[in-house]
Each structure stands twice: as structure tokens, then as C-alpha cells.
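First comes the structure, then the notes that go with it.
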DNA sequence: GAGTGGTCTAGACCACCGT
DNA sequence: CGGTGGTCTAGACCACTCA
């Protein structure tokens with residue numbers, strides 16, 4: 003959402019409706035409508051560039067109010083499936099499909115959604131006092147107890163990423179109890195009632211240290227694509243702080259945004275997180 | 003927007019309301035409310051972790067309907083300023099503030115919004131037939147005429163990024179006419195009536211070629227953070243296709259997302275765009 | 001000027017959270 | 001159980017696009 007262009011267009015935050023947190027897809031009417039439209043688009047009933055029927059027509063077709071249709075269309079719009087402009091019918095866009103929050107949050111969910119086979123192994127779990135950056139990101143006192151989980155993640159058996167997740171004590175204790183072969187820590191936590199609702203991501207690059215090199219089977223100093231993520235629960239309390247390092251060529255991050263959907267930004271001077279300037283290790 | 007968690011939460015696209023394209027911030031009621039709440043939050047009237055007043059109260063306070071308040075809050079939510087959960091009041095989040103669409107779209111706008119001084123110089127403008135990737139991204143016939151604009155971008159005089167923008171003939175012709183010292187091509191285009199409403203971004207890494215090395219004053223083969231961007235107008239017609247290569251350490255990309263706001267994704271196997279596997283040039 | 005999307009209202013009901 | 005946010009409706013009016 004938000005800004006745009008100067009003269010004719012020009013900014014202004016976009017807007018979105020609220021949403022429920024945990025209902026099967028087709029229970030809610032707007033989701034049902036969104037799902038059916040999405041399927042129709044993907045099935046090719048509406049080709050890229052085609053116009054969608056007017057809201058009123060859709061409302062009749064699905065026997066819902068216009069408001070509900072608009073809610074559904076807003077979902078599709080954020081997903082980057084359709085645009086809209088006053089005065090004309092909505093247009094179907096081509097382009098990549100955005101993924102869901104859970105696919106973003108969890109390597110496992112993401113891999114599964116792409117048909118890949120996710121795997122991994124825990125390298126070590128360490129219980130230690132929070133370092134300054136940990137404390138800051140998790141909103142803890144310096145020195146509070148945290149858990150560090152270092153894992154290698156694989157795709158179809160190939161090493162792809164090293165994940166360093168840091169959890170506050172309460173959450174970390176749950177993670178430490180998980181069976182060593184647990185594929186998705188995130189999923190396990192969710193099932194134990196830990197809620198993940200918001201995440202801030204920072205993407206830049208860094209260089210492999212000894213752990214990375216050993217786990218990814220690459221030289222120390224190898225350039226890696228880095229994603230750092232701070233995830234919070236509905237109350238805004240941080241529940242995870244993770245640094246993921248990907249081998250180049252294995253992954254790219256995609257973002258869709260529009261005048262009605264912001265969320266992405268660039269960062270220059272260190273604001274919250276230092277940018278990866280450390281430079282390649284002497285190695 | 004979108005998905006969530008498994009058992010209790012679990013996925014499902016989020017949702018957003020539609021939005022208008024070009025009205026001053028405070029004309030619309032929901033924007034006025036959003037703006038005032040945003041200011042109040044930034045001013046510290048609601049600290050991080052604090053609870054916002056209930057929707058009904060806000061509706062009275064601003065003399066609008068509850069629907070309008072919800073619309074405003076949805077804006078703040080997408081910006082990552084507040085969370086929400088049924089049954090409890092909304093919570094104010096800390097964390098980085100999301101930037102606007104225009105800041106994302108244009109290096110110039112972004113730099114200005116951070117207080118930096120953007121600069122740059124055009125290295126060359128080439129009019130040539132579209133290469134296969136260009137044609138695909140711009141939705142043109144192979145061999146259709148496009149304009150390539152190669153520019154060095156600087157921050158406070160320091161080289162930061164090399165931008166290769168490819169425009170379809172109609173748009174390119176406008177760009178080619180711009181005075182050589184035009185700082186913001188995007189802004190200039192907007193003023194000429196070219197609309198930018200949606201963008202797909204892909205972030206990965208690549209290695210400097212001869213042009214990059216010359217302009218950025220770095221060795222050939224230097225690792226660079228790459229952002230490729232395809233921007234479309236409200237009709238879904240591509241208006242720009244750009245590849246930006248940043249020196250490491252100068253920049254990081256940030257994304258906020260929540261159960262109510264997706265847009266970010268990972269990509270593994272080439273779907274639309276090949277991931278940067280080319281590997282460092284023999285150099 | 002007809003068609004269509006964006007804004008806004010008023011009210012209803014439900015699901016969930018905490019006390 | 002009361003408070004609060006999420007869903008849905010029905011209708012109104014306006015702004016913009018396009019023929």
C-alpha cells in the first residue's frame with residue numbers, strides 16, 4: 003500500500019481488511035470466493051491481461067454481498083494476481099504467484115509447497131546468555147538466557163542453507179525437547195501453541211564462516227545470500243530471531259508489491275540491523 | 003497477506019481493501035485516521051507493546067463509522083505498525099517502518115526518504131531489439147525494439163549500484179529524450195503520464211561484469227547483490243524491466259509480512275527468472 | 001452518459017480472549 | 001461473561017474511464 007507517483011498519482015497508503023487467524027480456507031465466504039477466482043485464473047479461464055467480471059456480477063454469481071466480493075478481490079490483489087483501477091474492470095496479471103506467510107516463515111513449508119523434499123539436521127543446540135544483538139532483537143535483557151539452534155537445511159538431500167535460530171528461553175525450551183529428527187521446528191512450535199504472526203526480514207549477503215563451510219561443504223569465505231528474520235506473536239513479543247545463509251544459486255527471494263501493498267524496502271545505513279559489511283573473513 | 007499457521011492458526015490469504023490511486027493523504031477519511039494514528043504512534047503516544055483503543059472508540063473519536071476505522075487500521079497493519087487478533091485490542095509493534103511503493107520503485111525516492119543524496123550518471127542509452135529475456139519480461143515479441151539505459155547510481159557521491167533498465171519502445175522514447183542530468187527517470191516518466199502500479203522483485207546475487215567493474219570501481223567477478231524488477235501499469239502491461247546490482251555492504255532489503263500480508267517468497271528452481279547460478283566469470 | 005471501482009455508513013452476528 | 005475484533009449485508013454516493 004502506499005505511495006505512488008507525483009502529479010497524477012501520488013502516494014497514499016494502501017489498505018487492507020482485517021483477517022481471521024486460523025480458519026479452513028472455504029469456511030469464510032470471502033475466502034471461498036477468493037479461492038474459486040484464484041483457481042479460475044490459474045486454470046486459465048481468465049488469461050493474463052483479461053478483464054474480470056464486475057464486482058456486482060461476481061456478487062450475484064457467488065450469492066454474496068459486494069463487500070465480500072471486494073474482500074476476496076483484495077486478497078487476490080495482494081497476491082499480485084489482479085490489479086484494479088477505478089473506472090475499469092479488474093485486470094488479471096501474469097507474473098509469479100506470491101506465497102503464503104507460512105511458506106515464508108518456515109523453510110519446510112516453503113520447500114513442500116514447491117514440491118521439493120526438505121530435510122536437514124541439527125548441528126547443535128546451545129543454551130547461552132543472549133549476546134547484545136540477540137537481546138536487542140528478542141527484546142530481552144542483555145544476558146538473558148536464549149537457545150541457539152544451528153541446523154543444516156537440505157533440498158532433495160543437497161545442502162542449501164545454514165540456519166541459526168535464536169529463541170527466548172521459554173520457546174527455546176520447547177525446541178530443545180523436540181525429537182532430533184523433527185523436520186519442521188516451526189510447525190512443532192505452532193502445535194504447541196506458539197503463535198507466529200508477523201515477521202521482519204532483512205536480505206543481504208555475507209561470507210561463510212567455519213560452521214557454514216563445514217555444513218555446506220564450501221570454502222570458508224564463500225559468498226552466501228543471507229536472510230535475517232525476527233518473528234513476533236500477536237502481542238508483538240519476539241518469538242524467534244534467525245539468520246539463514248543460502249548457497250548462491252540455490253535460491254532467490256521474490257516480492258510483489260503495488261500501490262496497494264508495500265512491505266518491501268531498502269536499507270542503507272544500519273538502522274536496526276547492521277548491513278553485511280564485515281567483508282570476507284581473512285580466510 | 004495470507005497464510006498462517008497450522009493447527010490453530012494456519013494459513014489462508016490475508017486480505018486487503020481496495021485503494022484509490024492518487025488522492026492527497028487527508029482527503030479520504032480512512033487516510034486521515036490512518037495518518038493521525040501513525041503520527042500518534044511515532045510520537046510515542048502509544049509505545050511499542052501498548053494497546054490501541056477499541057475500534058468503536060476510535061470511530062467515535064474521529065466521527066467515522068467503524069468500517070472506516072478498520073480500513074485505516076488495516077493500512078497500519080500492512081505497514082507493520084500494529085498487529086491484531088480477535089478478542090484483544092490491537093497491539094503496537096516496534097520494528098522497522100515499511101517504506102512506500104514509490105520508495106521501492108525508485109532509487110531516487112528511496113534515497114531521498116532516507117536523507118541521503120542520490121546521484122548518478124547515465125553511462126549509455128542503447129536502442130536495440132529485445133533479447134529473449136527482455137521480450138519475455140516486457141511481454142513483447144522477440145526482436146521488438148527496446149531501450150536499454152545503463153546508469154551508475156551513487157549515494158553522497160559514492161558508487162553504490164549499477165542499474166540496467168529496459169523499456170518498451172514507447173516508454174523508452176520518452177526516457178531517451180530526458181536531459182542527461184535527470185536524477186529520477188521514474189519521476190520524469192510519471193510526470194509524463196506513465197503509470198507504475200505493480201512490481202515483481204527478485205533478489206539474489208551475481209558477479210560483476212566489465213561494465214559493473216568499471217562503473218563501481220571494483221574487480222570483475224566481485225559479488226553483487228542483485229534486484230531484478232518488472233513493473234507494470236494498472237492494465238498489467240509491463241512498463242519497465244530493470245536489473246540493479248549493488249555493491250555488498252551498501253544496502254539490504256527489508257520486508258515486513260504477517261498473516262495478513264504476504265508478498266514475499268523464496269524461489270528455488272527457475273520459474274520465471276533464472277536464479278543467479280552463472281557463477282563468477284572466469285575473470 | 002453508462003459502467004465500474006473506491007469510499008462510507010449502519011447495523012447485525014459470531015468467535016475469541018481474558019477475568 | 002463482557003469486551004473486542006472478524007465477517008457479512010444493504011444501500012448510497014462519488015470519481016474515474018471509455019465509447
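Protein chains in written order, with the working numbering: chain Z, 3 to 285; chain L, 3 to 285. Think of the CB as a built atom: it goes at the ideal place given N, C-alpha and C, for glycine as much as any other residue. Model, not experiment: these values are computed from the prediction.
Does any residue of chain Z bring its CB to less than 8 angstroms from the CB of residue 120 (chain L)? In the second chain, counting from the first residue as 1, residue 120 (chain L) sits at position 118. Interface with chain Z (8 angstroms Cβ-Cβ cutoff): residue 120 (chain L) is excluded.
Identify the residues that DSSP records as bridge partners of residue 120 (chain L): which are they? On the second chain, residue 120 (chain L) is found 118 positions in, with the first residue counted as 1. The partner list for residue 120 (chain L) (beta bridge, DSSP) reads L:157.
For residue 91 (chain Z), which residues of its own chain have a beta-carbon under 7 angstroms away from its beta-carbon, when the five flanking residues on both sides are left out? The sequence position of residue 91 (chain Z) within the first chain is 89, counting from 1. Apart from the 5 residues on each side of it in sequence, residue 91 (chain Z) sits with its Cβ closer than 7 angstroms to the Cβ of 53, 54, 56 in its chain, given in chain order.
Distance between residue 249 (chain L) and residue 220 (chain L) (C-alpha atoms, nearest Å): Position 218 of the second chain holds residue 220 (chain L). Position 247 of the second chain holds residue 249 (chain L). Rounded to the nearest angstrom, the two C-alpha atoms are 9 angstroms apart.
Between the CA atoms of residue 34 (chain Z) and residue 110 (chain Z) - distance to the nearest angstrom: Counted from its first residue, the first chain places residue 110 (chain Z) at position 108. Counted from its first residue, the first chain places residue 34 (chain Z) at position 32. If you take the alpha carbons of residue 110 (chain Z) and residue 34 (chain Z), they lie about 26 angstroms apart.
Within the continuous beta strand (DSSP E) that includes residue 255 (chain L), where are the two ends? In the second chain, residue 255 (chain L) corresponds to position 253, counting from 1. Annotation for residue 255 (chain L): the continuous beta strand (DSSP E) segment containing it runs 254-260.
Which residues bound the beta strand (DSSP E) around residue 207 (chain Z)? One-based indexing of the first chain puts residue 207 (chain Z) at position 205. Here the beta strand (DSSP E) through residue 207 (chain Z) covers 200-209.
Using a Cβ-Cβ distance under 8 angstroms, would residue 236 (chain Z) count as near chain L? If you number the first chain from 1, residue 236 (chain Z) lands on position 234. Chain L contact via Cβ: present.
When Cβ atoms are compared, which residues of the region 200-211 of chain L fall closer than 7 angstroms to chain Z? Contact residues of the region 200-211 of chain L toward chain Z are 200, 201, 202, 203, 204, 205, 206, 207 (C-beta to C-beta distance below 7 angstroms).
Roughly how many angstroms lie between the CA atoms of residue 140 (chain L) and residue 86 (chain Z), to the nearest whole one? The residue labelled residue 140 (chain L) in the question sits at position 138 within the second chain. The residue labelled residue 86 (chain Z) in the question sits at position 84 within the first chain. Rounded to the nearest angstrom, the two C-alpha atoms are 20 angstroms apart.
Per DSSP, cross-strand counterpart(s) of residue 151 (chain Z): Residue numbering aside, residue 151 (chain Z) sits at position 149 when the first chain is read from its first letter. Paired residues: Z:127, Z:167.
Rounded straight-line distance, which links the Cα of residue 103 (chain L) to that of residue 259 (chain Z): By one-based count along the first chain, residue 259 (chain Z) stands at place 257. By one-based count along the second chain, residue 103 (chain L) stands at place 101. The alpha-carbon atoms of residue 259 (chain Z) and residue 103 (chain L) are separated by roughly 7 angstroms.
According to DSSP, simplified to helix, strand and coil, what is residue 192 (chain L)? On the second chain, position 190 is the one that residue 192 (chain L) refers to. Look at residue 192 (chain L) here: in three-state DSSP terms it is helix.
Same chain, Cβ closer than 6 angstroms to residue 128 (chain L), neighbours up to 5 away in sequence not counted: As a working mapping, residue 128 (chain L) is identified with position 126 in the second chain. Within the same chain, and ignoring the five residues on either side of residue 128 (chain L) in sequence, the residues whose Cβ sits closer than 6 angstroms to its Cβ are 150.
Step through the CB atoms of chain Z and report whether any lies within less than 8 angstroms of the CB of residue 61 (chain L). For this step, residue 61 (chain L) is matched to residue 59 along the second chain. Output row for residue 61 (chain L): interface = no.
Indicate whether the contact test is met: 3 or more Cβ pairs, each with one atom in the region 163-182 of chain Z and one in the region 142-149 of chain Z, closer than 8 angstroms. Yes, the region 163-182 of chain Z is in contact with the region 142-149 of chain Z.
Could you tell me which chain Z residues have their CB closer than 8 angstroms to the CB of residue 93 (chain L), listed as they occur along the chain? One-based indexing of the second chain puts residue 93 (chain L) at position 91. The CB of residue 93 (chain L) comes closer than 8 angstroms to the CB of 236, 237, 238 in chain Z, given here in chain order.
Amino acids of chain L, ordered along the chain, whose beta-carbon sits closer than 7 angstroms to that of residue 67 (chain Z): For this step, residue 67 (chain Z) is matched to residue 65 along the first chain. Neighbourhood of residue 67 (chain Z) in chain L, by CB distance below 7 angstroms: empty, with the nearest CB roughly 13 angstroms away.
Alpha-carbon to alpha-carbon, residue 166 (chain Z) and residue 125 (chain Z): Here the question's residue 125 (chain Z) lines up with position 123 in the first chain. Here the question's residue 166 (chain Z) lines up with position 164 in the first chain. Straight through space, the alpha carbons of residue 166 (chain Z) and residue 125 (chain Z) are spaced by roughly 10 angstroms.
Kindly list the residues whose CB is nearer than 8 angstroms to the CB of residue 25 (chain L), restricted to its own chain and excluding five residues on each side of it in sequence; keep chain order. For the purposes of this step, residue 25 (chain L) is taken as residue 23 along the second chain, with counting starting at 1. Only weak support exists for where residue 25 (chain L) lies, its pLDDT of 49 falling under 50; the coordinates are left without a value.
With 8 angstroms as the C-beta to C-beta threshold (strictly closer), list the residues of the region 184-198 of chain Z near chain L in chain order. Look at the region 184-198 of chain Z: the residues with a C-beta under 8 angstroms from a C-beta of chain L are 189, 192, 193, 195, 197, 198.
Which residues does DSSP list as the beta-bridge partners of residue 248 (chain Z)? If you number the first chain from 1, residue 248 (chain Z) lands on position 246. For residue 248 (chain Z), DSSP records a beta bridge to Z:163, Z:227.
What residues in the region 252-263 of chain L bring their beta carbon closer than 9 angstroms to a beta carbon of chain Z? Cβ contacts with chain Z: 252, 253, 254, 255, 256, 257, 258, 259, 260, 261, 262, 263.
Can you tell me whether residue 108 (chain L) is buried or exposed? The criterion is at least 16 other CB atoms within 10 Å of its CB, across all chains shown. For the purposes of this step, residue 108 (chain L) is taken as residue 106 along the second chain, with counting starting at 1. With 16 or more Cβ atoms within 10 Å of its Cβ, residue 108 (chain L) is classed as buried.
Proximity below 8 angstroms, CB of residue 242 (chain Z) to CB of residue 256 (chain Z): Counting from 1 along the first chain, the entry for residue 242 (chain Z) is found at position 240. Counting from 1 along the first chain, the entry for residue 256 (chain Z) is found at position 254. No, the Cβ-Cβ distance between residue 242 (chain Z) and residue 256 (chain Z) is not below 8 angstroms.
Tell whether a beta-carbon distance below 8 angstroms holds between residue 161 (chain Z) and residue 218 (chain Z). Numbered from its first residue, the first chain carries residue 161 (chain Z) at position 159. Numbered from its first residue, the first chain carries residue 218 (chain Z) at position 216. Yes.
Output yes if chain L places a C-beta closer than 8 angstroms to the C-beta of residue 221 (chain Z); else output no. Mapped onto the first chain, residue 221 (chain Z) falls at position 219. Closer than 8 angstroms: no.
At a CB-CB cut-off below 7 angstroms, which residues of chain L make contact with residue 227 (chain Z)? Translated into the one-based positions of the first chain, residue 227 (chain Z) becomes position 225. Here the neighbours are 206, 207.
What residues in its chain sit with their C-beta under 6 angstroms from that of residue 246 (chain L), if we drop five residues either side in the sequence? On the second chain, residue 246 (chain L) is found 244 positions in, with the first residue counted as 1. Correct list, in chain order: 163, 165, 229.
Residues that residue 182 (chain L) contacts on chain Z, provided the C-beta gap is smaller than 9 angstroms: As a position in the second chain, residue 182 (chain L) is number 180, starting the count at 1. The premise fails here: residue 182 (chain L) is roughly 21 angstroms from chain Z at the closest Cβ pair, so nothing lies under 9 angstroms.
Straight-line Cα distance separating residue 144 (chain Z) from residue 200 (chain L): By one-based count along the second chain, residue 200 (chain L) stands at place 198. By one-based count along the first chain, residue 144 (chain Z) stands at place 142. Just so you know, the alpha carbons of residue 200 (chain L) and residue 144 (chain Z) end up roughly 42 angstroms apart.
Can you tell me which residues form a DSSP beta bridge with residue 240 (chain Z)? As a working mapping, residue 240 (chain Z) is identified with position 238 in the first chain. Bridge partners of residue 240 (chain Z): Z:234.
Cβ distance (whole Å) where residue 48 (chain L) is taken to contact residue 94 (chain L) below 8 angstroms: Here residue 48 (chain L) refers to the residue found at position 46 of the second chain. Here residue 94 (chain L) refers to the residue found at position 92 of the second chain. Sure, about 5 angstroms apart at Cβ, within 8 angstroms.
Hey, out of Z:134, Z:183, Z:121, Z:83, whose CA is closest to residue 158 (chain Z)'s CA? Position 156 of the first chain, counted from the first residue, corresponds to residue 158 (chain Z). With distances taken between Cα atoms, residue 158 (chain Z) lies closest to Z:121.
Using the C-alpha atoms, what's the distance from residue 202 (chain Z) back to residue 81 (chain L)? Your numbering for residue 81 (chain L) matches position 79 in the second chain. Your numbering for residue 202 (chain Z) matches position 200 in the first chain. Between the alpha carbons of residue 81 (chain L) and residue 202 (chain Z) lies a distance of about 11 angstroms.
Give the interface partners of residue 96 (chain L) over in chain Z, defined as CB-CB distance under 8 angstroms, in chain order. On the second chain, position 94 is the one that residue 96 (chain L) refers to. Within chain Z, the residues near residue 96 (chain L) are 141, 238.
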